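Q: This is the structure I have questions about; it appears just below.
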Amino acid sequence: MELIELLKVIVIGIIQGITEWLPVSSTGHMILAQAFLQPNLRDDFWRIFLVVIQFGSILAVIFLFWEKIFPFKVREKFRPDVDKFQLWFKILVACIPAAIIGLLFDDEIDAMFFNPTTVAITLIGYGILFIIVENQNKGSRARITDLNQITYRFAFLIGIFQLLALIPGTSRSGATIIGGLLLGASRYIAAEFTFFLAIPVMLGASLLRIVTIGVDFSSAEWIYLGAGTLVAFIVSILAIKFLMNYIKRNDFKAFGWYRIVVGLLMVGYVFWW
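Put into C-alpha cells, the structure is as follows:
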C-alpha cells in the first residue's frame with residue numbers, strides 16, 4: 025500500500041460524499057478527479073471502487089433518517105408502522121423503471137454515454153434546466169409538503185425521471201429532484217424522497233457490480249475500499265445536513281450555475297487535456 029494512493033482515495037471519498045447528494049453529478053466530478061489525481065489503481069478495481077464507496081453514502085442516509093424510514097414502532101413491541109411500510113412500497117415502485125432498463129441495457133448505456141463529452145453536455149443542460157424550473161416555480165406553493173402525501177403515481181413518475189440519470193452526468197439526485205419539483209413537491213420533500221430512493225438503487229448497483237466483476241482484491245485494495253467508504257460516509261452526513269438546511273431558505277439555482285461551470289470545465293478537459 026502506498027501512502028500517496030491512500031491520500032488520493034481519501035480525496036475521492038470526500039468528492040463522492042459531497043457530490044452524491046448535491047444535485048451536481050458525482051460521475052462528472054469523478055471523471056475530473058481521475059484526470060487530475062490519476063490514481064494508480066487497476067481498471068476493474070477502479071470501476072468497482074466508484075460504485076462500492078457509495079455504500080458509505082447510503083449508510084449516511086440510513087443513519088440520519090432512521091426514524092423516518094424504519095418500518096416498525098420500536099416503543100410498541102415492533103408493531104408495523106403502516107405509513108412507513110407504504111412509503112417503502114412507493115420507493116420500490118419508483119425503483120421499477122430504472123431497475124428494468126438498467127438490468128437490460130447497463131453495458132450498452134455505459135458504452136454509448138460514459139464519456140467526458142456526454143457528461144459535459146448533461147452537466148450544462150440540466151444546470152440550465154434547474155434554473156428554468158426554479159424561475160417557473162418562483163412564488164408558487166408546493167402541493168406536496170409531507171411524505172404521506174406522496175402517491176403511487178407520484179412515485180412511479182419519479183422513477184421515470186430517475187431513468188434520465190442512467191446517462192452519466194445527469195445526477196440521480198438532480199433528475200429526481202427536478203422531477204419532484206415539476207410534480208408539485210416542495211424542495212424539502214423532493215430531496216428527502218430522493219435520499220430514500222437512493223437506498224435500494226445504490227445497494228442494487230453495488231451488488232450488481234460486485235457480482236459482475238468479483239471481489240478478488242489485494243490487501244492494499246481492501247484498505248483503499250474501506251478508507252474511501254468510511255470517508256464517503258462521514259462527508260455524506262455533512263453534505264446531507266447542509267443541503268436540507270440550505271433548501272429551507274434557498275432554491276436550487278446555485279447548483280444549476282455550479283453545474284454549468286463544472287460542465288465548461290469538462291469541455292476544457294475534452295478539448296485540451
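Residue 152 in the working numbering sits at position 128 of the sequence shown, and the numbers go up by one each step. Even for Gly, the Cβ is constructed at its ideal location relative to N, Cα and C. These numbers were taken from a predicted model, which means no experiment stands behind them.
Report the rounded CA-to-CA distance for G126 versus F79, giving the unit in angstroms.
A: Using only the alpha carbons, I get a separation of about 19 Å.
Q: Going by alpha carbons, who is nearest to A122 out of I191, V235, A144?
A: The option with the nearest alpha carbon to A122 is I191.
Q: Decide if the region 237 to 251 is in contact with the region 145 to 158; the criterion is three or more beta carbon pairs, one per stretch, under 8 Å apart.
A: Result no; under three Cβ-Cβ pairs closer than 8 Å.
Q: Which full runs of the alpha helix (DSSP H) of 4+ residues lie inside the region 170 to 240, going along the chain?
A: Listed in chain order, they are 176 to 187, 196 to 206, 211 to 237.
Q: Give the DSSP-derived three-state secondary structure of P95 in the structure shown.
A: It is coil, neither helix nor strand.
Q: Quick one: what does DSSP say R103 is sitting in, helix, strand or coil?
A: Residue state, collapsed to three classes: strand.
Q: Using a threshold of 8 Å, state whether the C-beta atoms of F109 and I261 are closer than that.
A: Against a cut-off of 8 Å, the Cβ pair of I261 and F109 comes out as no contact.
Q: Give a yes or no on contact between the region 198 to 205 and the region 130 to 144, applying the rule of three or more CB pairs nearer than 8 Å.
A: At 8 Å Cβ cutoff, the stretches do not touch.
Q: Any idea if P104 is buried or exposed, counting beta-carbon neighbours within 10 angstroms, 16 or more meaning buried?
A: Counting Cβ neighbours within 10 Å, P104 comes out exposed, since fewer than 16 surround it.
Q: Quick check: what's the CA-CA separation for S49 versus S195?
A: Rounded to the nearest angstrom, the two C-alpha atoms are 4 Å apart.
Q: Any contact between the region 172 to 192 and the region 202 to 215? By contact I mean 3 or more CB pairs, one from each, below 8 Å.
A: As far as the Cβ criterion goes, the region 172 to 192 touches the region 202 to 215, which means the pair count is three or higher.
Q: For V255 versus G41, is the C-beta distance shorter than 8 Å?
A: Yes; because the gap between Cβ atoms is below 8 Å, this pair is in contact.
Q: Specify whether the region 51 to 59 and the region 27 to 40 touch according to this definition: at least 3 beta carbon pairs, one from each stretch, less than 8 Å apart.
A: Yes, the region 51 to 59 is in contact with the region 27 to 40.
Q: How is I77 classed by DSSP in three states: helix, strand or coil?
A: Looking at I77 - three-state DSSP - the assignment turns out to be coil, as it is neither helix nor strand.
Q: Note the first and the last residue of the continuous alpha helix (DSSP H) segment covering G149.
A: Taken as a continuous stretch (DSSP letters only), the alpha helix (DSSP H) holding G149 covers 140 to 161.
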